[in-house]
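Residue numbers (the working numbering), protein chains in the order written: chain A, 1 to 354; chain B, 355 to 708; chain C, 709 to 1062; chain D, 1063 to 1416. This report concerns only the one structure given below.
There are 4 protein chains.
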Amino acid sequence: MAGNTFGEILKVMTFGESHGAGIGCVIDGVPPGLTLTAEDIQKDLDRRKPGQSEVTTPRKESDTAEILSGILDGKTTGAPIAILIRNQDQRSKDYNELKDIFRPGHADFAFLAKFGIRDHKGGGRSSGRETAARVAAGALAKKILAAQGIHIAAYTRSIAGIEARTVDLSVIEKNIVRAPDLEAARLMTERIAQAREEGDSVGGVVEALVTGCPAGLGDPVFGKLEAKLSSAVMSIGAVKGVEFGSGFRAATMPGSQHNDQVHVKDGRPVTKHNFAGGISGGITNGEDIVFRLAVKPTSSIAKKQQAMTAEGGTADLEIKGRHDPCLCPRIVPVVEAMTALVLADCLLLQKTIK
Amino acid sequence: MAGNTFGEILKVMTFGESHGAGIGCVIDGVPPGLTLTAEDIQKDLDRRKPGQSEVTTPRKESDTAEILSGILDGKTTGAPIAILIRNQDQRSKDYNELKDIFRPGHADFAFLAKFGIRDHKGGGRSSGRETAARVAAGALAKKILAAQGIHIAAYTRSIAGIEARTVDLSVIEKNIVRAPDLEAARLMTERIAQAREEGDSVGGVVEALVTGCPAGLGDPVFGKLEAKLSSAVMSIGAVKGVEFGSGFRAATMPGSQHNDQVHVKDGRPVTKHNFAGGISGGITNGEDIVFRLAVKPTSSIAKKQQAMTAEGGTADLEIKGRHDPCLCPRIVPVVEAMTALVLADCLLLQKTIK
Amino acid sequence: MAGNTFGEILKVMTFGESHGAGIGCVIDGVPPGLTLTAEDIQKDLDRRKPGQSEVTTPRKESDTAEILSGILDGKTTGAPIAILIRNQDQRSKDYNELKDIFRPGHADFAFLAKFGIRDHKGGGRSSGRETAARVAAGALAKKILAAQGIHIAAYTRSIAGIEARTVDLSVIEKNIVRAPDLEAARLMTERIAQAREEGDSVGGVVEALVTGCPAGLGDPVFGKLEAKLSSAVMSIGAVKGVEFGSGFRAATMPGSQHNDQVHVKDGRPVTKHNFAGGISGGITNGEDIVFRLAVKPTSSIAKKQQAMTAEGGTADLEIKGRHDPCLCPRIVPVVEAMTALVLADCLLLQKTIK
Amino acid sequence: MAGNTFGEILKVMTFGESHGAGIGCVIDGVPPGLTLTAEDIQKDLDRRKPGQSEVTTPRKESDTAEILSGILDGKTTGAPIAILIRNQDQRSKDYNELKDIFRPGHADFAFLAKFGIRDHKGGGRSSGRETAARVAAGALAKKILAAQGIHIAAYTRSIAGIEARTVDLSVIEKNIVRAPDLEAARLMTERIAQAREEGDSVGGVVEALVTGCPAGLGDPVFGKLEAKLSSAVMSIGAVKGVEFGSGFRAATMPGSQHNDQVHVKDGRPVTKHNFAGGISGGITNGEDIVFRLAVKPTSSIAKKQQAMTAEGGTADLEIKGRHDPCLCPRIVPVVEAMTALVLADCLLLQKTIK
């Protein structure tokens, strides 16, 4: 309800705006006995925070997490974990001139239509800043998964049409666009720099890869894992599409090709191309889970645009705030977090069945 | 939980397998005073039922809906509506030879891993037959929406790479592939016939278009309308991807192009290309909602395949049952139903806000 | 939402009215591999059905349960179990004269205020008949519990002030009022007969006793087991109060007495009087769970009463239908069912923690 | 799930322990445009806080609420409201000697059985301190209700058998036991003082009265208002029973008396004694809502008791902390808060129906 809660057993509620005291989350249903420190959370927050490199917004937020509850002697107790990240670098004046204009590509008009109130100071809950709370919660979920040998890696698969040709997970954190291919990363970085110089922005594709996931997670019918993961990642602002395994290519393939070549390995059927993306009938089949997201170019650009005004006319708009010329590098940890929340929840749910 | 429930205010629980007494659903949260007859439901069930044309499986099911509860003098009372569709044309023997083999592209192995039990008679809850219950529930949701002037049309956008060039909603029900372009429909029909003759199957793309939707539906953060709709349609078997508005094309566009040209119409900002797909920041903006689904080719094909056996080896498999050579024509009403369930739920939820 | 769904992991949705096709339920989240037959369900339905003895309404309903789904070879598969009980002995004409009058003690006026529609044919969802669906679902829950050695017995503790002096579980089904004391049962039966002759009705107290429950079920804060059980049993029509262990007597006791004498048995603290009713801080402590319900006298009585009419005046009312002179004997299996649903749900939830 | 979330539309998640950084809550589903200040919340927190009078624990906590999110220019925006109350007066050493003993009447053993971890520093989530977060959330709910003319008053109806003879709402906050009868309040205060001197504690009955509630709130079947309110108030530690209107007295009354005398007022049926407690068939009927709670005597007493040790033996225990000799005065605002959360939720839910 009202959109700020996620999950069934591992349940997260997030809160906060960029103009207020801070943002944060409360996570219920955390298994007791799990080691958790503020550092576990900080590591991922640092990968998401603004100002981390030349391809992100220069806005500065240390995004320091404080764990308010649920920990005793460094371990979870089964009580809810509340995490608070205080705001620091607020420049509400950047937004004053946006008070009476609906920014193109943004939620301004839709929020007003919904709530009858407009939080023009940074977009309120439509601000990308809310994803920091997801990353904090996701860091905890990752710990639950890691204890079972499940690992998640997301990375920038393409930017503005420049594709990563290889997937080398070891280089992702060694380049500022978080691509799994250093040569492609170099080209992507250049393309982003060019967009920034032009007062423009670029989009891209982010891919997620989950290894070590046992067969049996996810539910039939409405609870299919693709449905849960899609809901999770399509809830990230700027994501316009999601596809699993073969994805949209499946639409042009015959069944005899898509069913793929099957052999048996470790007591389970393994396919040559993993077109299923690790999920069959909504339930993990033991292969790697693979999916991709379309990320649109940042809506806040410096270039002059036409926009509707509160009075119902149009006006020229040049957005002066500090914005990311490409969202992919900072969306990567958010995708990992949402994926982790879904899978940890499924892992706990599966305990009720078998 | 356990995957068989959908929705928040308008809540649906579905049940049933193709081998048992029947399938059906219970719908809670239905507004009182709505006119509803079995015919309202039957109309959409007939669009989904097997055996309706030469491009669908010849399996025969009349799929007759019986409304068990919630109606008084032809109107809803606010009580739950239960709908039962009895099974008729069961040929469990078709499935006997599948008892000890995991069909490629199917959920057989994953279900066994999850439940420790394998319902080999038609796949249990992974059977496409469960979608009849969704269509029944969706027919009710459509009535709620129609009363507010909201209309949903889904159609086959492409099959095996053959694209509809125009979108003429008036011809969708006038061709057996449910394409919005009669010339493309002719080519698609031929392509499906060819696949059937080859003992093979083909995939395609289904598009959904919602008109008349007011601005303000959907929620921020996790409850974004794209998240809810993605969850809804990615829960339909065989769907491998979903994209809204510009979709995956957004990944290659600059922001200045994607933000689109804005003008004002009826007091709201209107764009030239509707790249947002009618949704901004997760909330409807008053433009048409548009999204597309990738539908994989049917997994059950007559062509000989290699498959894993229950004993852990592999064996040749030729599936003898009666199957759809292309799923798109019958998925169309299911996509409409899931879309209707989401939007009717959002419409009711919005009443709690404004 | 909308009141017809219960439970978190083991989730039940019920439907149906006494005037329609029938009533029933769908149960999701059922563990796979459980043996379940229609007879398992019928046994408890027979204990609830009308016309079973001289102290119940003479209305006749065979209340035959049909399992529509979720069973393969006599065992649950993990798919939802749908159960349908067709209506038989409908005498809607009994209700025609009630169309324009609000019966005292009934939900007539409140339902109209809520829904704007009045289902005068038997009260719609406020009919006691809906509890048959609960009993069906509860029979399944009892099987889950029995497999863990957990057993539930409810019984009539008092009727119209006549108290059972002993609690002998073995005699409960050997007397028609379901009291655990045969001598008290005889007096209670006489008192009910007297009420019926007078065109009146009587109330009573029903007690529930759960044995074999392990420590650790229930949750802290809002999910306390008393909260869950109270919600469960207070949702049964005619129940006006609930108390656990010492109950309302606790209000007059000093802490030194209420804390009770503690000794150690089988590795856990055991008290002399079990004032806690088996629950400490909302979580089972390993002792028997004990609680009591106040059951009001049946509202439908033959005696002449004043009632408000639809036009806003008052009129004399003599209710002619066939009604129970005391609800306790038939509420007993409903209390067991609701208790079973809560505990089975808690048992499954606890698997996600430890 | 996991017990820390409450409500359907107006959804609250609470967190925190007495030994950690603080306690608090996040409230989702708050209607936009509502005036809310920290003072609104503080007023009720002050009524709950320790150290407020001679009949409460001398433990000192200022319980100052900080609103972290969801407010813009003094009004709610529809975004979640997070409230944080930092801990101050922690004396964890008081609890060190309790590390290896299970306190009688407390949740110590049950929590260990559930979580496998024992939070001995103040009881973790079983601490009464968690109710401060409920009171904060309830203060917001009260504002939603007050805007519709709905008002809630709870008060101490009896302590250790000393009954309030009259119900004068205007004197409740004028006496430290919060009784609606000043003469009874004097006797109750003396009785509590006596218990404290004896190193003992006393129980009582708290009553709640809701005025101005429209007919139509609550749902049929499982969502009956008595079920929701019972769940709400039985989740408060130390509450052992709840009864509505006639309550347990109904068990001894004949139907002809319990149905009560009906007359018509303002277009609705009004009864002489309101035995229904304002709720018929689970739905408000327009009369005052009235219910009572049994509050057990405080479990933490100074008197010497026998208790089980972690090693499985027994030992003498004298609890040295600072505790309330009677919980009723401080439970009063918690009962109001939980009642407000339920009714505000029902009010929002009802908008989806009519």
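Each residue gets a CB set at the ideal place from its N, CA and C atoms; glycine is no exception.
Legend entry - C-beta contact flag for D/K1416 and B/T706 at 8 Å: It is not a contact, given that the beta carbons lie outside the stated cut-off.
Legend entry - Exposure of D/L1271, with buried meaning 16 or more beta-carbon neighbours within 10 Å: Here D/L1271 is buried. Its C-beta has 16 or more other C-beta atoms within 10 Å.
Inset, instruction - Please work out which residues of its chain come closer than 7 Å, Cβ to Cβ, to B/F456, disregarding the five sequence neighbours upstream and downstream, and give them in chain order. - result: D462, F463, A661, M662
Inset, instruction - Could you tell me which of A/T211, A/E190, A/D168, A/T189 sits nearest to A/L145, measuring between CA atoms? - result: A/T211
Legend entry - Beta-carbon proximity of B/L683 to B/R532, cut-off 8 Å: In the sequence on display, residue 683 of chain B carries Pro and not Leu. For B/P683 and B/R532, yes; Cβs fall inside 8 Å.
Inset, instruction - For my contact list, D/Q1367 and C/N967 are in at a C-beta cut-off of 8 Å; report their separation, rounded to the angstrom. - result: 6 Å
Inset, instruction - For B/T359, count neighbouring C-beta atoms within 10 Å of its own C-beta (all shown protein chains included) and say buried if the count is 16 or more, exposed if not. - result: buried
Inset, instruction - Kindly give me the distance between the Cβ atoms of B/E561 and B/V644, rounded to whole angstroms, as I take these residues to be in contact under 8 Å. - result: 7 Å
Legend entry - Cross-strand partners of D/E1269 (DSSP beta bridge): D/Y1217, D/R1354
Inset, instruction - Measuring alpha carbon to alpha carbon, tell me which of A/D28, A/G128, A/N285, A/G247 ends up nearest A/H106. - result: A/G128
Legend entry - Backbone CA spacing between A/R86 and A/A21 [nearest angstrom]: 6 Å
Inset, instruction - State the Cα-Cα distance for the pair D/H1385 and A/L348, rounded to the nearest angstrom. - result: 38 Å
Inset, instruction - Quick one: using the 10 Å Cβ neighbour count with 16 as the cut-off for buried, is C/T743 buried or exposed? - result: exposed
Legend entry - Given D/M1315 as reference, the closest of C/S954, C/P928, C/G911 once Cα atoms are compared: C/G911
Legend entry - Neighbour flag for B/G631 against chain D, beta carbons, 8 Å: Interface annotation, B/G631: not in contact with chain D, CB-CB separation never under 8 Å.
Inset, instruction - For chain D, find out if any of its Cβ atoms is closer than 8 Å to the Cβ of B/L647; answer yes or no. - result: Not an interface residue.
Inset, instruction - State the start and end residues of the unbroken alpha helix (DSSP H) segment that holds B/E690. - result: 682 to 704
Legend entry - Min CB distance A/E39 to chain D below 8 Å: no
Inset, instruction - For B/D417, count neighbouring Cβ atoms within 10 angstroms of its own Cβ and tell me buried if that reaches 16, exposed if not. - result: buried
Inset, instruction - Throw me the rounded Cβ distance for the D/P1142 and D/V1088 pair, which I believe falls under 8 Å. - result: At roughly 5 Å, the Cβ-Cβ gap stays under 8 Å, so D/P1142 and D/V1088 are in contact.
Legend entry - Residues that B/A539 contacts on chain C, provided the C-beta gap is smaller than 8 Å: Correct list: empty, because the minimum Cβ distance to chain C is about 37 Å.
Legend entry - Cutoff 8 Å: C/P812 Cβ touching any chain D Cβ: Yes - at least one Cβ of chain D is within 8 Å of the one on C/P812.
Inset, instruction - Name the one or two DSSP bridge partners that B/E435 has. - result: For the record, residue 435 of chain B in the displayed sequence is Ile; it is not Glu. Paired residue(s): B/I381.
Inset, instruction - List the residues of chain B that D/T1414 touches, going by C-beta distances under 8 Å, in chain order. - result: Per Cβ cutoff of 8 Å: I363, G383, P385, L702, L703, K705, T706.
Legend entry - Pair within 8 Å by beta-carbon distance, B/S555 and B/P651: yes
Legend entry - Test item: CB-CB of C/P1033 and C/A903 under 8 Å: A contact, by the Cβ cut-off of 8 Å.
Inset, instruction - Measure the Cβ-Cβ separation of B/E567 and B/L697 and say whether it is below 8 Å. - result: Note that residue 567 of chain B corresponds to Cys in the displayed sequence, not to Glu. By the CB criterion at 8 Å, B/C567 and B/L697 fall inside the cutoff.
Legend entry - Candidates A/A250, A/V242, A/S246: closest to B/F602 by CA position: A/V242
Legend entry - Every unbroken beta strand (DSSP E) inside the segment 213 to 289 of chain A [3 residues or more]: 239 to 244, 262 to 265, 268 to 271
Inset, instruction - For the beta strand (DSSP E) holding B/I546, just list the boundary residues, first then last. - result: Here B/I546 belongs to no beta strand (DSSP E); instead the alpha helix (DSSP H) covers 536 to 551.
Inset, instruction - Output the distance between the C-alpha atoms of C/L1001 and C/V1040, rounded to the nearest integer angstrom. - result: The straight-line gap from Cα to Cα measures roughly 10 Å.
Inset, instruction - Note down, in chain order, each residue of its chain lying with its Cβ closer than 8 Å to the Cβ of D/S1162, except the 5 sequence neighbours on either side. - result: It should be pointed out that residue 1162 of chain D corresponds to Asp in this sequence rather than to Ser. Its chain contains T1371, A1372, E1373 as the residues whose beta carbon lies nearer than 8 Å to that of D/D1162, once the 5 sequence neighbours on both sides are disregarded; these appear in chain order.
Inset, instruction - Alpha carbon to alpha carbon, how far is A/A136 from A/R41? Give it in angstroms, no decimals. - result: In the sequence as presented, Arg is not what sits at residue 41 of chain A; that position holds Ile. Near 5 Å, if we compare the C-alpha coordinates of A/A136 and A/I41.
Inset, instruction - Give the secondary structure of B/V531 by DSSP, where H, G and I count as helix, E and B as strand, and everything else as coil. - result: coil
Legend entry - N-terminal and C-terminal residue of the beta strand (DSSP E) that B/V366 is part of: Note, B/V366: beta strand (DSSP E), 365 to 370.
Inset, instruction - State the CB to CB distance for the pair A/V12 and A/T76, rounded to an integer number of angstroms; the pair is presumed to be in contact (CB under 8 Å). - result: Going by Cβ atoms, the distance from A/V12 to A/T76 rounds to 14 Å, so no, they are not a contact pair.
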